[in-house]
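Engineer: Sharing a structure with you now.
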Amino acid sequence: MEDRRIGVYVCNCGTNIAKVVDCDAVSDFAKKLPGVAVARSYKYMCSNPGQEMIIQDIRELSLDRVVVAACSPRMHEPTFRKALQTAGINPYFLEMANIREQCSWVHDDARAATDKALALAHAAVRRVVHHEPLEKRFVDMCPATLVLGGGIAGLTAALELSDAGQPVFLVEKDDHLGGNLARVDLTAPYLDSARDMLADRIRRVLESPKIEVLLRSTLQSLSGFVGNFRAEIRVGADGARTVDVGSVLVATGFREFDARRIEHYGYGRLPNVVTSFELERMLREGRILTRGGRVPKYFAMIHCVGSRNPEYHGYCSRVCCMTALKYGHEIKSALPGAYVYDLYIDMHAFGKGCEDFYRRTAEMKTMFLMYAKGTTPEIVPSGPDDDCEMLIKVHEVLSGEEIEVPADLVVLMVGMEAREDAADVAHLVSISQDKDGWFIESHPKLDPVATTTEGVFIAGTCQAPKGIPGSVAQAEAAAARILGKISRGKIEVDAVFAEVDETRCSGCRMCNELCPYAAIEYDAATKRSRVISAVCKACGCCVAACPSGAIQGRHFTDRQIFSQIEGVLEWASSQG
Amino acid sequence: MAIRANPRLVEELEHYGAEDVAKCYHCGNCSAVCPFSREPFLFPRKSMRYLQMGLEEKLLGNLEPWLCYYCGECSEECPREAEPGETMMSMRRWLTSRYDFTGISKLFYRSWKAELAAILLVALLTGAGFLLFGFRWGGGHLGVYAGEGAFLTTGAVHVFDWILGCVLAAFLGINCARMWWFSIGKDRTLRIPPLAYLRQAFLLPVHFFTQKRYAECGKKRPWAIHLALMLSYTTMLVLIMFFLHAMHSERTVWAAHGFGYLATIGLLGTSIYALRGRIRKEETHYKHSHETDWIFLILLVFVAGTGILQNVLYRVFHLDVAANVVYVVHMMGVVPMLGLEVPFSKWAHLAYRPLAMYFSELQAEAIRERERAVAAAGAPLPA
Amino acid sequence: MGVPKKIGVYFCQKEAALPMPVDWDAVAEYARGLPGVAHVEVRSPRPAPDPEVLAHEIKKRDLKVVVVAGDSPGHFKPAFTRAVALAGGEPTEVRLASFRQHGAGADDGTERAKAVVACAVHGVPFGLAASPRPTAVNPATLVIGGGVAGIQAALEIADAGQKVYLVEKTGTIGGHMAMFDKTFPTLDCAACILTPKMVAVGQHEKIDLMTYAEVQDVAGEPGAYRVKVLKKARFVDPDACVACHACMEVCPVAVPSEFDGGITTRKAIYMPFPQAVPNAYLVDAAACTYILSGGKKCGACLRKCAKELIHFDDRDEVVEIEVGSIVVATGYDVFDARRIERYGYGVHPNVLTALEFERLTNASGPTGGAIVMKTLRRNKRTKQDEWVFDAEGPRPGSVAIVHCVGSRDKKYNPYCSRVCCMYSLKFAHLVKEKLPDAVCYEFYIDMRAFGKGYEEFFERIRLEEVFVVRGRSAKVVEKDGRMTIKGEDILKDRLVEFPVDMVLLSVGLEPACASDRLAGILGIDRDEDGWFRETDYNIDPTGTERGGIHVAGVCQGPKDIPDAVAQASAVAARVLKSVVSGRGQGSRASLTVEEIESRARALAGA
Amino acid sequence: MGFEPRIVGFLCNWCSYTGADLAGTARIHYAPNVRVIRVMCSARVDPTFVVKALAEGADGVLICGCHPGDCHYSEGNYKAMRRFPLLGRLLRDYGIEEDRVRLEWVSASEGKRFAEIVDDMTERVRRLGPSRVKTLLEADRVER
Amino acid sequence: MPEKKLQIALYWGAACGGCDVAVLDTNEFVIGVGFLVDIRLWPIAADGKYRDVEAMADGELDCTLFHGAIRNSENEHLAKLLRRKSKVLVALGSCAHLGGIPGLANQVTKQEILERVYLDNPSIEAGNRVVPLPSTRVDAGELEIPRFYRRVYRLDDVVPVDYYVPGCPPAPEQVKAALQALVNGTLPPARSVIGASNRTVCDDCRRRKEEKKVTRFHRPWEILQDPDRCLMEQGILCAGSATRSGCGVRCPDSGMPCRGCYGPAPNVIDQGAKFVSAVSSIVDSKDPREIERILGDIPDILGYAYRFGLPASLLQRSIR
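Residue numbers (the numbering used here), protein chains in the order written: chain A, 6 to 581; chain B, 1347 to 1729; chain C, 278 to 883; chain D, 2 to 145; chain E, 46 to 365.
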């Protein structure tokens, strides 16, 4: 260690640093530190001459470590790393001391600032001694993708990938493609044909030579890591397939809320209380009748069935309002003399064209009745003189009145909920679920399709309730991620990651659950944990937690940080 | 007890001009911008709501439409163009038809052809009647307009006026009584002490003659126009009912005629202004016109025009024959206008609106009293 | 094919349908000539089709298949479905031929409509028969707009190893998101999640970042566009500038800061914000004394810059680039609250728009995140009194937040801006967090808390004792010397008048002002509200009729950050797909009716 | 000269270090007593680092991470949050004053907050006086 | 058979004598040892005087097994003396290695100890307030007793140590192995830990390990434990993961958690801090109050974390 040849470069940043920090004092001080071969102070280290100076010194003085005391590493670390690389030494042999943003710009006492700069420079010198050469590595990327779920999201992603020439295995539990959308006839707000858009996609998928569709199939197990997954799939009753894939897209969709759970709506008990999907079928078949075979006159849509109610699901299912409005239009088209009521809480008509659709539904004299969140309308039998099957009683909040409306057909706008097998899927592909059972994305804002498991993506309603455009966009976004990885052929693994020293790991599994990216694998046979470096994001959580010191985080090793601690303090104690 | 909603009412109200009420999504903007809306009468949103839901009973007892003077601010600010102002107007028409026990009003509002036919019929009957009277029974001459031997004697006309007036007052009185019943009488929860009726009675003439509430609107011109029209009309009514002799005298009685001319000019001017407004549709409250509005305005212009024409013909040009003919024609306008418009159509509001001001004050007082009682009893106020 | 089916084609229109450049009679005539068509009927808007009458007709004519054609034929489909069912037919044999959905809004509307009808008659989805011919594709991509959507799309494409030109109008990337304090519903800090992405863009070797630049002209065809980009003079070399602030400190000019929503000022030589990418200064030529005086006055910065990087002789330059795909991510402008006079914006000093409040409450804002009222202060330079934010200023004791300002309103923007409910709730939260004693009112119409975790956030706000008033407030007035907000509390059946110290207007989103021009340059459509039109609302929310040009983010329609990001990534998929496979997507406009019809015929036979 | 505390700061790269940089770009002045060591995430801060710093003579240790829910690594800061109470108790048992070690959340936009925290901490540590750890350890040292 | 028997000494500093018992627990082996070595000093088993040791030539002893910590001047003196006389000095057991249980006294001051033992102790007769002093004047002259130090040291703190055999007490087999290596001359390079593994107790623990998420900590007697499952996962604070193995997993095998007597794993500098880090990492909550509650179940964290090694920790002692 003592024979290190360290170069220390103190940037004046014009006067930005030099105005407050005595840069020459810093370089003079550094010169005397053990291992320091050269120390210089210069006007602009980041400028070309500045970088040239470093490069030249590395070559001529055979420096093997470099410290730059300048601005924040967040600004110029890449610049100087490049300079080291140009000079022919490992770019990670660099350490920066931030004496601008965190020193000269925030202090006006020149002495104190210079002291601080000295301490920081000292720490950097101490640290850089322990820097190790790190290389970016690459792992293979298998171009095939496993898509779970043959609904609109799965179909879209499969098509995007296969159109780009990449193989896809599309696994669908059912015996046909289309998922929940196959049950829908028209879509809100433009009343376009869902059937056409599905027919188009299904046909393309089936005709694509790159897509292998596995119907009546389920994923049995998934092993490996990004770029190198192996999936076992059960096909049909007793077939089995093992496929190697580089990425997995989970697009398993949703299931509808079971309206039976809200007993007082009487679904399953009252003949003319139906779910939205049942009305959808009536409309699609052109047979809109009560159970008794009568053409209904009064339709009541009850919104938020199972949604926005803490007893069932606290969240909004996002599409039901627009679907109910759509039914309003459809009913008036199929039965021009019918009356439609919408019993709603808040009208969620937020998409493109949706507010307009809402307005037009209102213009068609759909009667909107607002009930309060936390309450529910009540369905009661009609009297002998009524010309309807049932009456709905509701505390209507916009008028403040208790009112009743006649109804022949009550339509329960059932919300979406996570599928019953979501937990199994989550476990198989090691992703997490939120409290409602939806799969959790890597970052709600900036990474809505990735998961914390590298190489596993989610799209569509398995992530959260959403409409068709949202599902399609997400599916394509996931395809973009996958294509991005495939198109580079290899997966670049950052040089900085955590690694387990297997000779020291005792398999205590303390770390296993800590990694948000599931980068830590436990091998039951050897009783050792292992960090999949391709998946690791180098946060260092496991490093800090490992009670046996078996995990080390590259470029942020205990050794390096200890030296830094000693560096900032030792100097200070000797000076002050 | 739950009230039954009726999806058909909103369809029915279309006949009365409420075409856009279904568009309302209840943002509450209108009630808040309305210069007249104040507790406990929050309108127009709430009335719109009752209408959307078809709560007929609620609407029938609702005086709020009468508290609205259609200044148009609500409609201007409505984000959905649901035309709350026009909806209130339509509700006034509907209420008029409901107060009217004969059902004639309903017929007129639902069919402008029926109204027009009725007007023509009454006009023809009136014309025929006056001609018969003039030529046969009155003993006058077509060549004499005023004084001795006049074609239509003042006395006879005066008697006719009073008979007509009494008939109209009877109709209107019954309708007003119905209005009271719907809005106050039927509601058992409202306790109004008899004295309160007396105490607040001053509101009737005040609102009748000043429409002072209209003046609370941000824009003053509509109020001024309306006031001019109302005062002109009232002046004319007083002149005709009480000073017909003076009006009819051979010489010009400026004390009467001065007012007469002023009132006629007022009537003509304001109604022409209103007609022009309804054609141009620049002002919000003129944007939507029901057929009955046109009929009424045309009648008004016609009556005022013929009224002044006969005067001018007689007094300026001394053309007695022409004046008499115009007089008959004038009466053919006046009688249907008064006979049909006052009890059964638009003109009824001259009675309903001051009454509504009066009743609503009584209601408000009773509501406040009830709330005070509830508060005193310690029960929580409705949130 | 066997015996041709008896097909009936019904042209139906709604009264309110938009005027479309379609000659219906010509299309009807064309439909008559299609195989199997037994009956063609152009229906007038009124009366609406009566299923029972239709059933009778269908039975009489023995139609086996019904094609409903028109702008939005879905509106009539249930009637026809029921009619066919009543007539004993197969309800699945009712097909739609939607002109609007399939882009018959362009100049060749009639031709497109014919093709749409032909596909429906053949029973082939239009998208299948009319998929554009693939083109060769230049692997480079142009991304227009450096907001979060543009950044995401650029990174996504560049990370896959493809060249990207990112053109941004202002001096830095970051867009609106960089201005935000927290993002709903997780309340994570916008800068924390955005700046790493911005830095990544700035440092990406595959991204050619052109800030302070505008697209001037686009020529060529899908897969091979030639784009002229106007690079406005920055007057400071962004690569060499070390962001030392020395120049800014001496600049005597102060103009409203765009980044701070106008609530603070910046200099004529400025960096939009401290984390700007590129992290360098630029000169606002419209404000700089030196430039305006032709070099006769000032020049203080010139003398101050130790690196001598300020070059006032810089000129705008036009560069031409060649790209295969273009991603449009130009974002939005916010609604100008001055347009609604009754809210008193611009009259009452403490009526703020959402963006202003974002900056006020931002830790990097003028008050360090303290929520204060504006106070009157004399400007030493102009000798005038000004309303300014001062970190030590008085804290508002009551704040009202008004939803839907400019949105859901036929007079302004009829559409829902989609994000305001949530950001308003966020504001309420921030107010309660920073000023626990402050009274906070929210005036809303519908609480559109529809996304993941949104409803829970709304519940949380309620627990924080924010007064949530259902009823959009009507106006802000001065009453007894205090600002007062008036509205109807619908659920409580009261007219309310709250004296408030501060009013926040939740202004909606509007298409960016230049989007009209850009649509012209790019040859893409805008919808009636001004947003760029996508190929298909549902299944192609990012494509445009012009092949190789994609839309992402809010410029296609209001959306929140997750949706904008997802869409931006989706666009990247489209671009990467074409680059990886070498097959770009051509314009659909290049297909003729005959071609589509023959393809549909072939597909139907297959 | 009075006592100038020596404080070691462990700042997470994504929020707090960026926030500290922002304080710089915004020229927000604060006490020069904190010497920053950058870590990728507050979860990397091993309690050992804290005791090491104290043993080496630090008068205070400041740990800063992203606000809860904001972590660049989803939930690293929660791990820091979990470790802190137990570490605090450990230090208390050692007799080290509570104010010497602090865990704070600083976002990338909170340059001002960072400055305030540093000032406040410096002031509190200044009031506590120099840490006795190192002096005592040195005094205890036995000649071998 | 070597020509000359090995000369060894066994000595105890501040210790309980358990390590001696551990030596004896090697059973018949220790008798065999007797044939191979001369035990020159072993206070617990044989008579011997300090002056005999002082009389030895430097390096005369081949090896000294020193157990016990350094608490007073006598301990230090003998440690230094034996160091001088021995070729090889072995720190036997936790006390010599890390400070051991006596090291827990570093939580309090010398003053507090004296007060507690001699003044505040309930077993002390009322009025008896005698505190020993290093030197007392009696009729016979100046009476000296060893000086009581401010704190406890490890052996290593006062003399350079060649080998460390951890454990409280060291497992007899490990003692046996160490003695055997000594006799056979197969000792590893100096300054290393012998008689222990390079991994932690978990490596040898037979209990099933799964994923760790703890919402409540229990004392061992508070719950009915699953005998096959990791104690930590059951909420029993077990230091096994942070402790060198070699003990034979005696505690967890008998249903008690590991207390950490073998000291930190080779790469770990501060056993207690690492343990705190690991334990708190697996607390399953994101709510500060909840976290406090869960961790609140752990009593006396300093005692737990450094039960056998407080003087070996980075901070070594309480600064009160």
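Cβ atoms here follow ideal geometry from the backbone N, Cα and C, with glycine treated the same way.
(1) Hey, could you find the ends of the beta strand (DSSP E) Glu409(A) is sitting in?
(2) What in chain C is Cβ-close to Arg131(A), meaning under 8 Å?
(3) Taking CB distances under 8 Å as the criterion, tell me whether Glu618(C) reaches chain G.
(4) Could you run through the segment 91-120 of chain D and flag, in chain order, every residue whose CB is less than 8 Å away from some CB of chain C?
(5) Using a beta-carbon distance cut-off of less than 9 Å, what residues from the segment 321-349 of chain C approach chain B?
(6) Per DSSP, which one or two residues make a beta bridge with Cys466(C)?
(7) Compare the C-beta of Tyr56(E) against all C-beta atoms of chain D and say whether one is closer than 8 Å.
(8) With 9 Å as the limit, tell me which residues of the segment 546-559 of chain A have their beta carbon closer than that to any beta carbon of chain E; keep them in chain order.
(9) Relative to the C-alpha of Ser131(E), which residue among Pro217(E), Arg85(E), Asp165(E), Glu335(E) is closest?
(10) In the DSSP assignment, what are the bridge partners of His112(E)?
(11) Taking Gly859(C) and Ala426(C) to be in contact with their CB atoms under 8 Å, please state how far apart those CB atoms are, rounded to whole angstroms.
(12) Taking 8 Å as the threshold (C-beta atoms), are Thr257(A) and Arg486(A) in contact?
(13) Which stretch, first to last residue, makes up the alpha helix (DSSP H) that contains Tyr208(E)?
(14) At least one CB of chain A closer than 8 Å to the CB of Pro86(D): is that the case?
(15) So Val9(D) contacts chain A; which residues on that side make the cut at Cβ distance below 8 Å?
(16) Output needed for Glu1423(B): all residues of its chain with C-beta closer than 8 Å, excluding positions within five of it in sequence on either side, in chain order.
(17) Just list the alpha helix (DSSP H) runs in the segment 528-576 of chain A, keeping only unbroken ones of 4 residues or longer that don't cross its boundaries, in chain order.
(18) Does DSSP put His1634(B) in a helix, a strand or coil?
(19) Using only alpha-carbon positions, find the residue among Lys709(C), Leu486(C), Met724(C) that is nearest to Cys717(C).
(20) Report the start-end ranges of each alpha helix (DSSP H) in the segment 1650-1724 of chain B that is 4 residues or longer and not cut off at the edges.
(21) Among Ala550(A), Cys309(A), His135(A), which residue has its Cα nearest to the Cα of Ala264(A)?
(22) Between which two residues does the beta strand (DSSP E) carrying Ser897(C) extend?
(23) Tell me Asn233(A)'s beta-bridge partners as DSSP assigns them.
(24) Determine, using beta carbons only, whether Val328(E) and Ile346(E) come nearer to each other than 8 Å.
(25) Taking any Cβ of chain C, which residues in the segment 348-371 of chain A have a Cβ under 8 Å from it, in chain order?
(26) Under a three-way DSSP split, which group does Trp664(C) fall into?
(27) Which residues in the same chain have their Cβ closer than 7 Å to the Cβ of Arg192(E), if we skip the five residues on either side of it in sequence?
Structural biologist: Looking at the atomic coordinates:
(1) 406-412
(2) Result: empty, since nearest Cβ-Cβ is about 27 Å, beyond 8 Å.
(3) Judged by its chain identifiers, the structure shown contains no chain G, and its protein chains are A, B, C, D and E.
(4) Ser108, Ala109, Ser110, Glu111, Gly112, Lys113, Arg114
(5) Answer set for the segment 321-349 of chain C: empty.
(6) Lys459(C)
(7) No, Tyr56(E) lies away from the interface with chain D (no Cβ there is under 8 Å from its Cβ).
(8) Cys546, Cys547, Ala549, Ala550, Cys551, Pro552, Ser553, Gly554, Ala555, Gln557
(9) Arg85(E)
(10) Trp57(E), Leu137(E)
(11) Rounded, the Cβ-Cβ distance is 26 Å, inconsistent with contact.
(12) no
(13) Run containing Tyr208(E): none in the alpha helix (DSSP H); it sits in the beta strand (DSSP E), 208-210.
(14) no
(15) Ile570, Val573, Leu574
(16) Asn1375, Cys1376, Val1379
(17) 546-550
(18) Three-state result, His1634(B): coil.
(19) Lys709(C)
(20) 1666-1682, 1695-1723
(21) Cys309(A)
(22) Absent from the structure is residue 897(C), since the part of chain C shown begins at 278 and ends at 883.
(23) Phe230(A)
(24) no
(25) Asp351, Met352, His353, Ala354, Phe355, Gly356, Lys357, Gly358, Cys359, Glu360, Asp361, Arg364, Arg365
(26) strand
(27) Asn117, Ser118, Pro179
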